[in-house]
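Participant:
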Amino acid sequence: MKRLKTRHHLSTLTGQAFWPAAIPLAVRSPYFSLWLPTTVGDTPLRESTQFWNGSTIRPVGLARIDNITYEWLGNSTNPPGSAVKLTSIQLTPTRTITSVLAGPMNLTITYLSPIEPSDWVKQSMPFSYVALEANSIDGNKHDVQVYFDIDGEWLSGDGSNIITWSTQHVVDVDIEQVQLASPVVFQEESDDNLIDYGSVWLAMSTTGTGASSITWQSGNRDVTSRGLFTHTGGLDNSTNSTFRAILSETPTFAFAIDLGLISSTPSSIVWNIGYTRDPAIQFATPGTQAQNCSLLFMTDSPDPDDYIPAFISDYPAAAQRAPALDQKIIHDASNISNDYADLVSLAARQVMAGVELTTTLAGTSSVNEFGSPEIYMFMKDIGNSRRVNPVEIMYQALPMFLYLNASFGNTLLSPLLATQEFSTTLDAAASDLEGSTHVHSRSLANEGLAETGNMLIMTLASARASGDGSLVSQYYSLLRQWASYLVENTLHPGPDQDSADFEGAEDNTNLALKGIIGVRAMAEMSAAVGPQSDAELFNQEATTLIGEWTRLALSFDQQHVVAKYGEESSWTLLYNLYADKLLGFNLVNSSIYDKQTSIYDTLTPSTFGLGIDSDHPTVGNSAWTIFAAATATNTTVRDKLISMVRSRASFNGTSGIFPTIYNTSQGAVLGGDASPGQGAMFALLALRYVTCTHLFSVPVTDIIAPPNDWSPVGMGSWRPKSVNTSLVAGLVGGLCGGGLLVATVILLVRRFRKRAERRLREQHISVFPSSHDDTSQNSPVTGQARVMEEPDIGQISLPPPLNPGASASVGNTSIILPSGHPAGETSQETQVLRTEMENLRRVVQRIQRVIEEPPPTYVD
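Using full-length UniProt numbering, the first residue of the sequence shown is number 1, and each one after it goes up by one.
What follows is the structure, given as structure tokens:
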């Protein structure tokens, strides 16, 4: 009762109706995750902040105004500060903005955890900004000092662990570094989910507002640093070099700024916090030596004296990019409903904090066969287990990645495909990357149907939305093997099979449907990169299977899909319909969409919505409910399902960070605390991004210069020196819509370069190191993947030719064409390339007609 009452008090205090049990503050990785609980009282800003699993991490923020000290974050019990009055908390996809009254000043503190879908180097940086602005509410000037500190609890849940620290003064930046005295690489304690190595950082710029009055302390006891600030308004620039345990006279690391007499801050006061480790992860494929993977940003420089100042100096630009992305996401979501906008705003940082972008390149010369760095994204199964790249959670999260940048999907799938490419023991897909060092995984046999369907669906969806079918080409044989497994097993799941909810799934209609859609996905992938006979085979199998499924799955009165064949009174939240809609197959008859929409409307929900099926009516799943909402054929039922999830997301009567699995009656968390599976909240937004009907097996790297031309530039994304950066931006953003135009150009440039490479090979000159023989790339599939044949555009009538040697412009994307001629090039081949570029213009016009089709709409 007390906690339910708390929820009411918070709403009354701020006038807000959306109060999650925990609010994201600094949330960038599985090990850098700071949340503000709201379940414990009327003054959440005075409570101890937490790691995602609920363990305590206690940064403290203070403001001293006219000699009175106020606490704007945390609970400094000795000496105690005066409480601020919370006036609002605003959640956006990238920011949490708190507004408080501290005596005569209004303080606005923005916790910015950037989401950088178009700049993967920036996205890979596990750092956040804490920015403070102050404004007088009476119009007068007031004497203002501000303070922020951290301690060693970021590093370990065991307070007896010894930590060490140092203070560095780089050009225009002061940096405090804290780490374990005895780190153990790759070791994670199961009880606290913290990793036993790495460094925590607190840094400030020594330029800008208040820079001349920055003071600091490093390693002093928490009460010493906070007490000194409370009494004097500053610190004494001292270091206590007695290294000790995390909770032994709690070593604290702090920066304070004296702003003097002000009525407002001319610009934000910004503290920068982060958690880095190197290597980040270890990865191996069968038959290869394990490789250490570094966070992608370290390919620029692994030196903190470089990357921390770079992050700090990027704040003005980041503070503009974040609101722009927020506005885009919220605008799109609000077009569906305000409740839906709340859900995507809460989910976004949670999802991105569950993944890390890494590369094998840092500190090595490792490149792939295209001469570019291997980039892998790894996901941790936060809130459920310590598994890495859990397939069912990736399936839930995929819509957000498709919406933000579909190429994220390919980098998540790549490690899973690579570890299973040469498996001879399993016909089905693995459920994750097994083990803390991520060696070759083995699927539990009872998850085979669910995970195999997931993998085929995700592979096609990512290829569709990104326009990059290179994974389909490279792993075609493996994908075909999985599809064949589904053909034989999916219609009648056996008693040994589990659904995605790890429940017994014998004759489960939802699970069977997923597998059938997976078979249909294989048909499309075969049409793009495999022999036509495969495409025809899998298409026919999917058609036959869906016919049988429809006959078996419908209730006797034909009014809804049952949970299991033959159980007439049962029902199911048929969330796997979403894959059919996402991929635009129309494999499932539209009448079934209507019937399911009707049953959702007639079922009586509990307080927090519907269960996953009639056997589990009190087990709610936010991801599956939103998937079901995306398949509803009228907006009333759609919005009803969305509101069910939003009600649980806003419930702070029990602790837990936006869980995916919960009791629909009481709201108790059943699993998925802080799970990246909440990417499912973007399911409705993702529908418009997977509408391409063409796959291209040409990755971005096919138009990139040889390895020695590669260079990470500053803090930006990977980009080749010889190719205009707008091309890379267009490709990274996905090749659906206008990006298809770019893909066509890629095919032509690729053809030109292959000719040049072939001529040079005849002269015994190696241009591109590759493990593949070009002579086999266009051969029929016989157990090996092949690269998709280039489309024949030679029969298209042509508009006037382009000027030779000019740059081709497609929309806002500029592509610099080769201006020189490789050794041995003939004028005849130059003319061929020119003709192909002329052909391009007509192809562009034809593709443009496809992409101008309106997005899907709902019918009331």
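For each residue, glycine too, the CB sits at the ideal point set by N, CA and C.
Quick check on Ala-333: buried or exposed, where buried means 16 or more other Cβ atoms within 10 Å of its Cβ?
Facilitator: Under this definition Ala-333 is a buried residue.
Participant: Rounding to the nearest angstrom, what Cα-Cα distance links Pro-605 and Gln-145 in this structure?
Facilitator: Straight-line Cα distance between these residues: approximately 52 Å.
Participant: Determine contact between the segment 133-142 and the segment 79-98, defined as no fewer than three beta-carbon pairs at a distance below 8 Å.
Facilitator: Verdict: no, contact absent.
Participant: Can you look up Leu-202 in the DSSP assignment and give me helix, strand or coil?
Facilitator: DSSP places Leu-202 in strand when its eight states are reduced to three.
Participant: Can you pull the DSSP bridge partners for Thr-108?
Facilitator: Ser-99, Glu-133, per the DSSP bridge assignment.
Participant: For Val-487, does the count of other Cβ atoms within 10 angstroms reach 16, so buried, or fall short, so exposed?
Facilitator: Result: buried.
Participant: What is the DSSP secondary structure of Asn-338, counted as helix, strand or coil?
Facilitator: Helix at Asn-338.
Participant: Thr-94 and Ala-418 look like a contact to me (Cβ under 8 Å); what is the Cβ gap, rounded to whole Å?
Facilitator: Incorrect: roughly 31 Å between the Cβ atoms, too far for contact.
Participant: Give the secondary structure of Pro-20 by DSSP, where H, G and I count as helix, E and B as strand, and everything else as coil.
Facilitator: Residue state, collapsed to three classes: coil.
Participant: Is Pro-59 near the ligand ATP - that is, is its Cβ less than 7 Å away from at least one heavy atom of it?
Facilitator: As presented, the structure is devoid of all ligands, the ligand ATP included, so that no description of it is given.
Participant: Using the Cβ count rule (16 or more neighbours within 10 Å means buried), how would you classify Val-130?
Facilitator: The residue is buried, with at least 16 neighbouring Cβ atoms inside 10 Å.
Participant: Out of curiosity, what's the CA-to-CA distance linking Ser-76 and Glu-421?
Facilitator: Rounded to whole angstroms, Ser-76 to Glu-421 spans 55 Å at the Cα level.
Participant: What number of angstroms, rounded off, separates the C-alpha of Gly-530 from the C-alpha of Ser-614?
Facilitator: Using only the alpha carbons, I get a separation of about 41 Å.
Participant: In this structure, what does DSSP give as the bridge partners for Asp-381?
Facilitator: Beta-bridge pairing links Asp-381 to no other residue.
Participant: Just to confirm my understanding: we take Arg-28, look at its own chain, exclude 5 residues before and 5 after, and list those with CB closer than 7 Å. What are they?
Facilitator: The answer, listed in chain order, is Ser-113, Pro-126, Phe-127, Ser-128, Ala-353.
Participant: Just how far apart, CA to CA, sit Leu-413 and Ser-248?
Facilitator: Using only the alpha carbons, I get a separation of about 44 Å.
Participant: If we count the other Cβ atoms within 10 Å of its Cβ and call it buried at 16 or more, is Asn-384 buried or exposed?
Facilitator: That one is buried.
Participant: Would Gly-566 be called buried (16 or more neighbouring beta carbons within 10 Å of its own) or exposed?
Facilitator: Gly-566 is exposed by the Cβ-count criterion.
Participant: Using only the alpha-carbon positions, how far apart do Ile-269 and Gln-327 sit?
Facilitator: The straight-line gap from Cα to Cα measures roughly 24 Å.
Participant: Classify Pro-37 as buried or exposed, calling it buried when 16 or more other Cβ atoms lie within 10 Å of its own Cβ.
Facilitator: The residue in question, Pro-37, is buried, as its Cβ has 16 or more Cβ neighbours within 10 Å.
Participant: Looking at the strands, I want to know which residues DSSP matches up with Lys-85.
Facilitator: Leu-101, per the DSSP bridge assignment.
Participant: Applying the 10 Å Cβ sphere with the 16-neighbour rule, what's the burial state of Phe-556?
Facilitator: Phe-556 comes out exposed.
Participant: Which word fits Pro-495, buried or exposed, when buried means at least 16 other C-beta atoms lie within 10 angstroms of its C-beta?
Facilitator: The residue in question, Pro-495, is exposed, as its Cβ has fewer than 16 Cβ neighbours within 10 Å.
Participant: Contact check, Met-105 vs Ser-82 under 8 Å by CB: the rounded distance?
Facilitator: 12 Å between Cβ atoms; not a contact.
Participant: Would Pro-399 and Phe-682 be called neighbours here (beta carbons separated by less than 8 Å)?
Facilitator: Yes. Within cutoff.
Participant: Comparing C-alpha positions only, which one of Gly-61, Ser-238, Gly-453 sits nearest to Thr-215?
Facilitator: Looking at the Cα atoms, Ser-238 is the closest of the given residues.
Participant: Could you tell me which of Leu-479, Ala-450, Asn-508 sits nearest to Ala-523, measuring between CA atoms?
Facilitator: Closest by alpha carbon: Leu-479.
Participant: Taking C-beta to C-beta, are Thr-265 and Thr-209 nearer than 8 Å?
Facilitator: Yes, the pair counts as a contact, with Cβ atoms nearer than the cut-off.
Participant: DSSP state of Arg-520, grouped into three classes?
Facilitator: Three-state DSSP puts Arg-520 in a helix.
Participant: Which one of Thr-250, Arg-244, Trp-271, Ser-598 has the shortest CA to CA distance from Ala-256?
Facilitator: Closest by alpha carbon: Trp-271.
Participant: Ile-517 and Pro-589 - do their beta-carbons sit closer together than 8 Å?
Facilitator: The question names Pro, but residue 589 in the sequence shown is Asn. Against a cut-off of 8 Å, the Cβ pair of Ile-517 and Asn-589 comes out as no contact.
Participant: Would you please state the rounded distance, in angstroms, between the beta carbons of residue 862 and Ala-430? I believe it to be under 8 Å.
Facilitator: Residue 862 falls outside the range modelled here, since the chain spans only 1 to 860, and no answer is possible.
Participant: List, from N- to C-terminal side, the alpha helix (DSSP H) runs of 4 residues or more that fit wholly inside the segment 584-642.
Facilitator: Those alpha helix (DSSP H) runs which fall completely within the segment 584-642 and span 4+ residues are 590-602, 622-631.
Participant: Would you report the Cα separation of Phe-651 and Tyr-395, rounded to the nearest angstrom?
Facilitator: Rounded to whole angstroms, Phe-651 to Tyr-395 spans 25 Å at the Cα level.
Participant: According to DSSP, Gln-177 sits in a beta bridge with which residue or residues?
Facilitator: Answer by DSSP bridge pairing, in chain order: Ser-166, Trp-201.
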